[in-house]
Amino acid sequence: MKKLMQSTVVVSLSLGLVGLPGSAAAQTQTKVLFDGTHGQMMGNADWVLDEDSCGTPQRYPTPSQTGITASTSESYWGGGFSAFGVDLVKKGFWVESLPPGVAITYGNASNPQDLSNYKVFIIPEPNIRFTTAETSAIKAFVSNGGGLFMIADHWTSDRNNDGWDSPEIFNDLMTSTSWGIHYQVANESNNWFNDNPNYNFTSDSSSPILYGPHGSVSSGKGLGLFGATSMTLSPSVNSTVKGHVWMTSGTRDTNTQVTFATTTDGSGRVAAIGDSSPAEDATNGCGHNTYDGWTNTSYDNAKIHLNAVAWLAGGGNGGGGGGGGGSDTTPPTSPSNLSASAISASQVTLSWTASTDDVGVAGYNVYRSTDGLTFSAVASTSSTSHSDTGLASSTTYSYRVTADDAAGNESTISNTASATTQASGGGGGGGSGTIIINEILANEPGSTTAAEFVELVNVGSGAIDLGGWTVSDGAGTKHTFASGTTVAAGEAIVVYGGSSAIPGSLTNAVAASTGSLALGNSGDTVTVADSSGTAIDSFTYTSALSGTDGVSMNRSPDGSDTGSFVLHTTLSSLSSSGGTRVDGSPFTAVGGGTAKVIINEILANEPGSTTAAEFVELVNVGGSAIDLSGWTVSDGAGTKHTFASGTSLGAGKAIVVYGGASGIPAGSSNAVAASTGSLALGNSGDSVTVADSSGTEMDSFTYTKALSGTDGVSMNRDPDASDAGSFVLHTTLSSLSSSGGTHADGSPF
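My numbering applies: residue 80 is where the sequence shown begins, and numbers increase by one.
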């Protein structure tokens with residue numbers, strides 16, 4: 080799980096890191112985010128860590144958490160959840176608040192508080208419903224290894240009188256999930272009760288919530304519930320859902336009258352409680368009245384909550400909802416021999432020596448700095464290399480790397496490595512070439528190793544000469560490209576194990592110069608290096624990606640330097656596609672040839688109620704720029720937009736037509752508002768057509784409610800930006816619900 084630390088100055092010595100928590104600690108602590116964007120301070124509530132401005136929790140509670148020691152009082156901060164936060168810091172966590180106005184996103188690199196930067200997301204008693212985009216982000220966070228803590232309250236705890244209380248809001252959030260948890264609400268039993276102490280515990284002595292690393296519950300204590308709702312569990316929906324505490328009037332180890340529950344989804348974990356009182360303390364601001372639930376010695380509230388956070392932080396390795404977690408506290412060794420090389424004006428490649436761990440290394444966190452002092456997380460990876468893209472030209476970047484194990488322990492930092500990106504421009508075709516490994520077939524079909532291949536794609540903007548470049552695996556160099564080998568921007572080249580396996584239709588394939596690739600079927604590392612021996616891209620795979628005979632591993636999205644490798648069969652009906660895109664269509668060169676404009680993405684069912692947010696995204700998938708002056712975008716009711724004179728769309732670029740100017744996201748440079756003042760696309764079905772200035776139809780798509788029926792979710796071509804792609808729901812391609820003006824994964828065109 081990627082981490083993002085507070086800006087901090089770190090001093091390192093040859094003997095390692097020294098200093099108080101907040102120097103090295105800020106980089107090694109597991110990060111926990113508390114939601115403050117959903118009315119956590121409405122009415123008499125004060126469910127935040129700290130607020131310097133009344134009613135507005137700031138990202139970093141003050142004074143700094145680096146000053147917290149074992150004896151620090153919970154009144155160190157001023158929110159009603161300050162005791163919770165202070166104790167988390169004492170246990171080695173790093174805590175932050177998500178202030179009002181900051182979006183809940185997942186996979187948005189431009190948001191420094193994107194959920195991908197945290198291990199655990201705690202939502203204390205929300206009083207405002209989550210939007211469709213927020214719901215999608217939270218679900219994606221969990222399914223990709225995050226830990227979610229839902230802290231509800233009793234039915235009718237509607238503090239802003241909008242008709243929605245916290246259990247209803249959480250039930251709404253869980254719609255269409257397989258979490259198997261339901262909070263009791265209106266017209267349902269046990270939706271508002273007191274139960275203190277509530278010590279009706281599960282008979283499972285391995286419960287990580289009751290018997291975790293931060294203490295075991297005591298007989299006669301348990302939870303102090305003062306105005307709670309209960310939960311009903313559905314093991315038929317999710318076999319991992321598990322109760323840990325029940326109402327004292329209930330029967331333990333059953334599926335009703337549950338007061339504390341856990342479940343899993345994908346590699347992520349969820350914990351749920353029906354009352355905010357156990358996490359509450361008597362410190363508050365703005366004249367609110369809060370009570371001491373956290374430090375009251377009559378209950379085990381703190382132990383249970385701290386154990387829950389520890390269990391949630393241990394996600395990302397497929398752990399079950401009912402057991403495990405918290406036993407491994409030994410971090411991996413530091414990664415070593417970190418090196419950095421700038422290969423273009425916008426890309427730096429990194430490589431390092433693997434860490435070791437007593438249980439096993441789960442992945443690595445990459446941190447970047449532009450001043451050599453303040454580092455922020457930019458990526459997580461399971462390999463011992465990374466390509467950092469989208470950088471500024473002629474800029475020096477410094478990097479450090481840490482390692483994680485499956486229990487969430489993070490190592491101390493590696494050495495620091497720096498590189499300066501090249502000046503803008505350069506490369507054939509007026510741009511910079513950027514080569515990535517896009518597809519690998521290690522486990523050949525049948526018994527001929529000649530059919531193994533490594534596919535490289537130039538995702539840059541200019542042609543690149545591969546003369547003298549090499550493709551290697553863990554055993555050594557397997558291919559050296561001949562002098563004069565050139566790959567145009569947007570094109571691919573494939574190295575096969577032997578010439579006998581190269582399909583006759585492929586013109587962009589070569590046989591390994593050593594006569595063989597011999598990639599490991601159960602795991603290996605593939606590296607492409609330039610003629611100076613500098614690693615340009617590298618990927619280490621395991622048998623999970625190479626264990627199926629004849630099935631390759633491919634980046635998703637296809638041809639994207641930000642894509643992760645997945646089994647090819649999850650992207651296409653084809654088992655592999657060496658030399659072509661995942662659907663078998665050809666790669667198209669950028670910067671030469673004719674232009675071709677396609678409809679790539681449509682958002683017909685706007686998020687919320689503003690039709691200004693509807694959009695139609697066009698992409699030029701051809702090889703040259705095109706003048707869109709006088710071109711039109713229409714639906715079944717008629718023309719909705721006419722492009723202004725002088726509008727040009729470059730090869731490989733996108734332009735988006737929004738329903739209104741207010742719907743255009745801030746910072747969008749490739750968006751325009753509909754010239755008629757509206758798009759008004761049909762939510763239950765419509766036809767969208769783009770025509771040139773003479774009225775000739777250039778592309779058209781007719782959709783039904785199956786693609787437009789979900790609020791805020793667009794339809795997008797799959798593969799993205801491919802004229803051969805079919806339209807699918809955007810959420811099947813990415814954790815984002817839509818991506819107007821960018822690729823499906825949020826990366827720029």
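Positions of the beta carbon are idealized from the N, C-alpha and C atoms, including for glycine. Being a predicted model, the structure only gives us computed values, none of them experimental.
- Assignment of beta-bridge partners to D765 by DSSP yields Y782.
- Considering only T376, L385, G353, I230, the residue with the shortest C-alpha distance to V165 is L385.
- Within the same chain, and ignoring the five residues on either side of K732 in sequence, the residues whose Cβ sits closer than 6 Å to its Cβ are N699, F828.
- In the three-state reduction of the DSSP assignment, Y139 falls in the coil class.
- Burial is judged here by how many other beta carbons sit within 10 angstroms of a residue's own beta carbon; S297 has fewer than 16 and is exposed.
- When rounded, the separation of the alpha-carbon atoms in V550 and A591 is 9 Å.
- The criterion of a C-beta distance shorter than 8 Å is satisfied by W173 and K110.
- When C-beta atoms of the segment 751-765 are compared with those of the segment 781-794, three or more pairs fall below 8 Å, so the two segments count as touching.
- In this structure, A496 and L417 form a Cβ contact; the two beta carbons are roughly 4 Å apart against a cut-off of 8 Å.
- Between the segment 789-798 and the segment 709-727 there are fewer than three inter-stretch CB-CB distances shorter than 8 Å, so the stretches are not counted as touching.
- G322 sits in a strand when the DSSP states are folded into three classes.
- Annotation for S215: the continuous alpha helix (DSSP H) segment containing it runs 211-222.
- Pairing A753 with G774 gives a Cβ-Cβ distance that is not under 8 Å.
- Within its own chain, the residues whose Cβ lies closer than 8 Å to the Cβ of F806, once the five positions on either side in sequence are excluded, are I681, F780, Y782, L786, M794, N795, R796, D797, listed in chain order.
- For the pair of segments examined, the segment 476-484 was found to touch the segment 441-451: the number of CB pairs separated by less than 8 Å reaches three.
- Looking at the backbone, the Cα of A381 and that of E213 are separated by about 29 Å.
- In the structure shown, the three-state DSSP call for P287 is coil.
- With contacts defined by Cβ atoms closer than 8 Å, V320 and S309 do not form a contacting pair.
- CA-CA distance, D609 to D354, rounds to 59 Å.
- I248 sits in a helix when the DSSP states are folded into three classes.
- By alpha-carbon distance to V221, the top candidate from W234, I207, G186, N190 is G186.
- Beta-bridge partners of D552 (DSSP): G555.
- Taking the C-beta atoms as reference points, T500 is found nearer than 8 Å to V427.
- Across the set A188, G159, S295, the C-alpha of G159 shows the shortest separation from the C-alpha of T135.
- Bounds of any beta strand (DSSP E) do not take in N190, whose DSSP letter is neither H nor E.
- Taking the C-beta atoms as reference points, E531 is found no nearer than 8 Å to L429.
- In this structure N334 touches T311 by the C-beta definition: roughly 6 Å separates them, less than 8 Å.
- DSSP, read as helix, strand or coil, puts F828 in coil.
- Looking at D824, L545, G306, the one whose alpha-carbon comes closest to that of V566 is L545.
- When the beta-carbon positions are compared, N587 and V605 stay at least 8 Å from each other.
- Per DSSP, D237 lies in no beta strand (DSSP E) segment and is marked neither H nor E.
- Rounded to whole angstroms, the gap between the alpha carbons of G663 and S656 is 6 Å.
- For V645, the CB contacts under 6 Å within the same chain, skipping 5 residues up- and downstream, are S635 in chain order.
- The segment 272-291 makes contact with the segment 322-339: 3 or more CB pairs, one atom from each, lie closer than 8 Å.
- Nearest to D450 by C-alpha distance, out of S434, G180, T475, N223, is T475.
- Excluding its 5 nearest sequence neighbours in each direction, S236 has C-beta neighbours in its own chain below 6 Å: D244, S245, listed in chain order.
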